[in-house]
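The structure appears right after this line, and notes come after that.
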Amino acid sequence: MDHFLAILSAVPVTLLVTFAAFALGAVIALPLAGGRRSRFAVVRLLTKGVIDILRGVPPVVFVFILFFGVGSDLIRWEPLPAAIVGLGLISAGHLAEIYRGGLMAVHQGQFEASAALGLTSTTTFSRVIGPQAFRVAIPGMVTWLISLLKDSSIVSTIGVAEIMFVTSQGARSSGEGLLPFIIAGAVYIALGTPLAALSRWLEKKLSFGRRA
Amino acid sequence: MTDPQPKAGETILRLNDIRKVYGDHVALGGVSLDVKRGEVVAIIGPSGSGKSTLLRCVNQLEVPDSGTLEVLGSNIDFAGRVSSADLLALRRKVGMVFQSFNLFPHMNVLRNVSFPQERVLGRSREEADKVSRDLLERVGLANKMENFPQKCSGGQQQRVAIARALALEPQIMLFDEPTSALDPELGLEVLAVMRRLADQGMTMVVVTHEIHFAAEVADRLIVMADGAIIEEGVPSELLAAPKTARAKQFLSAITDR
Ligand SMILES: Nc1ncnc2c1ncn2[C@@H]1O[C@H](COP(=O)(O)OP(=O)(O)OP(=O)(O)O)[C@@H](O)[C@H]1O
Ligand SMILES: [Mg+2]
Chain F
1 MDHFLAILSA VPVTLLVTFA AFALGAVIAL PLAGGRRSRF AVVRLLTKGV
51 IDILRGVPPV VFVFILFFGV GSDLIRWEPL PAAIVGLGLI SAGHLAEIYR
101 GGLMAVHQGQ FEASAALGLT STTTFSRVIG PQAFRVAIPG MVTWLISLLK
151 DSSIVSTIGV AEIMFVTSQG ARSSGEGLLP FIIAGAVYIA LGTPLAALSR
201 WLEKKLSFGR RA
Chain C
213 MTDPQPKAGE TILRLNDIRK VYGDHVALGG VSLDVKRGEV VAIIGPSGSG
263 KSTLLRCVNQ LEVPDSGTLE VLGSNIDFAG RVSSADLLAL RRKVGMVFQS
313 FNLFPHMNVL RNVSFPQERV LGRSREEADK VSRDLLERVG LANKMENFPQ
363 KCSGGQQQRV AIARALALEP QIMLFDEPTS ALDPELGLEV LAVMRRLADQ
413 GMTMVVVTHE IHFAAEVADR LIVMADGAII EEGVPSELLA APKTARAKQF
463 LSAITDR
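If you read the protein sequences in the order shown, they are chains F and C. Take the first sequence: its position 165, counted from the start at 1, is 165 in the working numbering, and no numbers get skipped. For any residue, its number in the working numbering is found by taking its place in the second sequence, counting from 1, and adding 212.
If you want it as structure tokens, here you go:
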């Protein structure tokens, strides 16, 4: 019971890391996805490079680079912001590819019809292309959010007091190995399940009245 | 409709020596075309002859490599860059209907017609909806306004697309094979709407394979081949006695079907 309460008390930190990193990534991914479609080859190549690096480096390595590497040489920062920025940048790489898939799924005719009607490119993206691309991207985005929730456990290694950090501490101090980690696993599942349900609900809601 | 209306019969669309090249393929080899107010021009020709490209150059979905375009008194010269303000102004005067309808799938029929009015003409939602309802009734879709496009037949979708373009009060309407994706009966619904539009005096340029429509509705028939206009004239005369061998061959190929 002590373990359970201690772990529950760390849930807000896990959720903060997860959602803050996701939000940061969701925003940074926009220019990255845009850059992949730039009419300038240099920009396309550059953004592809950035995305490939963000997706290619294991999260724990990336967070270490930010916290221990950049953290000791350039800026001193606390574990929590380093964790959020690290996982946020990695999310940006993944979400950029998910956005790109969504954009590619939008029929070319939608761009042409918007142009022919005289809509500005801002309106075209925000009201015509964006919503259609977003609908395609949602399942991938939620899948990423769920894996981010689980991956957030790695930031315990730089001392962020989230679920995994508190669990290891409890295990060490009490000498009980199995129980705390089983509780932690169950808590992750309990947190992830509503997200999966949210994804299904959103998909249905955004299906343009096909099933309405 | 606050603009002073130029008098009927004057030239409102003038393409002069329009060239468009893709790689080393000449899609349009210097095409010139004048269209008068209220005129209905039908364009026919074999696949790949440049019909779509010509139409798309008019509203700048394709930017020609050279040539000039004059629409309702505004000139665009493709030697220099075309400003986006000029582009939007041009597209406001010219409506376009596509073979594949291209309705917005995330908006219902009414929103499809109202949304562009709000954005392009700055109408309020109430004003726009009023115009939309009126237009949709006139194209026979009074009972489909709340439906999403996926729930409409192709013919209904194309009529929505026509209403959506008309709602912006264009002075010229371009149609690129508007019935080619439709079963014949559904095509007839669309052609009926277009015929009515022509009767009301709309200036129209229609790329089509519907020879009957061209013969009955068009004032002028244009035959294209290999990126050029090879023949043009009064539809009934041209269809009865094409002058060039190429036009003769194309016409016999499509009427044999
Ligand atoms: N974006 C493009 N890139 C390269 N080539 C193109 C492009 N658009 C058109 N073309 C080529 O230009 C030529 C003219 O095409 P266009 O679509 O205008 O023909 P069309 O007369 O409309 O034919 P169809 O009856 O098949 O619609 C074709 O050979 C086509 O392959
Ligand atoms: Mg074509």
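Using N, Cα and C, we set each Cβ at its ideal position, and we do this for glycine too. Bear in mind the structure is a predicted one, so any value in this text is a computation, not a measurement.
Alpha carbon to alpha carbon, how far is residue i from residue j?
| i | j | result |
| --- | --- | --- |
| threonine 214 of chain C | phenylalanine 310 of chain C | Reliability of the predicted coordinates at threonine 214 of chain C is poor, the pLDDT of 42 falling under 50, and the value obtained from them is presented with this limitation in mind. Whole-angstrom Cα-Cα distance: 28 Å. |
| leucine 206 of chain F | alanine 82 of chain F | 35 Å |
| valine 132 of chain F | aspartate 431 of chain C | Before going further, note that residue 132 of chain F is glutamine rather than valine in the sequence given. Going by the C-alpha atoms only, they are around 41 Å apart. |
| arginine 210 of chain F | leucine 398 of chain C | Reliability of the predicted coordinates at arginine 210 of chain F is poor, the pLDDT of 47 falling under 50, and no value is obtained from them. |
| lysine 48 of chain F | leucine 103 of chain F | 16 Å |
| arginine 213 of chain F | valine 332 of chain C | Within the shown structure, residues of chain F are numbered from 1 to 212, placing residue 213 of chain F beyond reach of any answer. |
| leucine 225 of chain C | arginine 303 of chain C | 13 Å |
| threonine 119 of chain F | leucine 300 of chain C | Threonine is not the amino acid found at residue 119 of chain F; the sequence shown has leucine there. Roughly 8 Å between the two C-alpha positions. |
| tryptophan 144 of chain F | isoleucine 163 of chain F | 19 Å |
| alanine 426 of chain C | leucine 450 of chain C | 11 Å |
| glutamate 428 of chain C | proline 258 of chain C | 21 Å |
| serine 126 of chain F | serine 296 of chain C | 18 Å |
| alanine 10 of chain F | arginine 293 of chain C | 59 Å |
| threonine 124 of chain F | alanine 377 of chain C | 16 Å |
| asparagine 359 of chain C | leucine 315 of chain C | 12 Å |
| alanine 375 of chain C | phenylalanine 387 of chain C | 13 Å |
| aspartate 395 of chain C | isoleucine 230 of chain C | 34 Å |
| glycine 192 of chain F | isoleucine 146 of chain F | 6 Å |
| threonine 223 of chain C | glycine 334 of chain C | 29 Å |
| serine 244 of chain C | isoleucine 138 of chain F | 48 Å |
| aspartate 246 of chain C | glycine 56 of chain F | 58 Å |
| leucine 400 of chain C | tyrosine 99 of chain F | 40 Å |
| leucine 117 of chain F | valine 270 of chain C | 13 Å |
| isoleucine 415 of chain C | glutamine 461 of chain C | First, the amino acid is wrong: residue 415 of chain C is threonine here, not isoleucine. Between threonine 415 of chain C and glutamine 461 of chain C, the C-alpha separation is close to 29 Å. |
| glycine 159 of chain F | proline 79 of chain F | 6 Å |
| glycine 221 of chain C | leucine 273 of chain C | 27 Å |
| valine 351 of chain C | glutamine 110 of chain F | 22 Å |
| leucine 403 of chain C | serine 448 of chain C | 18 Å |
| glycine 35 of chain F | arginine 44 of chain F | 6 Å |
| serine 173 of chain F | alanine 23 of chain F | 35 Å |
| phenylalanine 437 of chain C | arginine 458 of chain C | As written in the sequence, residue 437 of chain C is alanine, which differs from the phenylalanine given in the question. Computed Cα separation, rounded: 8 Å. |
| isoleucine 129 of chain F | glycine 175 of chain F | 56 Å |
| glutamate 444 of chain C | asparagine 228 of chain C | 16 Å |
| alanine 393 of chain C | histidine 421 of chain C | 11 Å |
| valine 42 of chain F | isoleucine 51 of chain F | 14 Å |
| asparagine 355 of chain C | lysine 204 of chain F | 25 Å |
| alanine 33 of chain F | leucine 46 of chain F | 12 Å |
| glutamate 112 of chain F | methionine 319 of chain C | 17 Å |
| glutamine 368 of chain C | proline 58 of chain F | 52 Å |
| leucine 87 of chain F | leucine 148 of chain F | 8 Å |
| leucine 409 of chain C | leucine 347 of chain C | 12 Å |
| histidine 107 of chain F | glycine 170 of chain F | 54 Å |
Any heavy atom of ligand 1 within a distance shorter than 6 Å of the CB on residue i?
| i | result |
| --- | --- |
| serine 392 of chain C | no |
| serine 114 of chain F | no |
| tyrosine 234 of chain C | yes |
| alanine 465 of chain C | no |
| glycine 260 of chain C | yes |
| alanine 239 of chain C | yes |
Within the present structure, is the beta-carbon of residue i separated from the nearest heavy atom of ligand 2 by less than 6 Å?
| i | result |
| --- | --- |
| lysine 263 of chain C | yes |
List the DSSP bridge partners of residue i.
| i | result |
| --- | --- |
| arginine 231 of chain C | C:Gly241, C:Ser278 |
| isoleucine 384 of chain C | C:Val306, C:Thr415 |
| methionine 436 of chain C | C:Ile441 |
| threonine 120 of chain F | Threonine 120 of chain F is not bridged to any residue. |
| leucine 225 of chain C | C:Val247, C:Val283 |
| valine 446 of chain C | BP columns for valine 446 of chain C are empty, so no partner. |
| aspartate 289 of chain C | C:Thr280 |
| alanine 133 of chain F | None, per the DSSP bridge assignment. |
| valine 253 of chain C | C:Val417, C:Arg432 |
If residue i and residue j are in contact, beta carbons under 8 Å, what's the gap, nearest whole angstrom?
| i | j | result |
| --- | --- | --- |
| serine 344 of chain C | leucine 380 of chain C | 11 Å between Cβ atoms; not a contact. |
| valine 155 of chain F | valine 61 of chain F | No, valine 155 of chain F and valine 61 of chain F are not in contact; Cβ-Cβ is about 13 Å, not under 8 Å. |
| glycine 307 of chain C | methionine 385 of chain C | 5 Å |
| isoleucine 255 of chain C | valine 418 of chain C | 7 Å |
| alanine 20 of chain F | isoleucine 84 of chain F | 5 Å |
| glycine 250 of chain C | glycine 413 of chain C | 5 Å |
| isoleucine 183 of chain F | phenylalanine 4 of chain F | 5 Å |
Any heavy atom of ligand 4 closer than 6 Å to the beta-carbon of residue i?
| i | result |
| --- | --- |
| serine 312 of chain C | Annotation note on ligand 4: not contained in the displayed structure, which lists ligand 1 and ligand 2 as its ligands. |
Cβ contact (3+ pairs, closer than 8 Å) linking the region 85-93 of chain F and the region 25-35 of chain F: The region 85-93 of chain F vs the region 25-35 of chain F: in contact.
The region 279-291 of chain C in contact with the region 362-378 of chain C per 3-pair CB rule at 8 Å: No, they do not touch.
At least 3 beta-carbon pairs within less than 8 Å: the region 192-201 of chain F vs the region 163-175 of chain F: Too few Cβ pairs lie closer than 8 Å, so no.
Cβ contact (3+ pairs, closer than 8 Å) linking the region 230-244 of chain C and the region 261-278 of chain C: Three or more beta-carbon pairs drawn from the region 230-244 of chain C and the region 261-278 of chain C are found closer than 8 Å, and the two stretches are therefore classed as touching.
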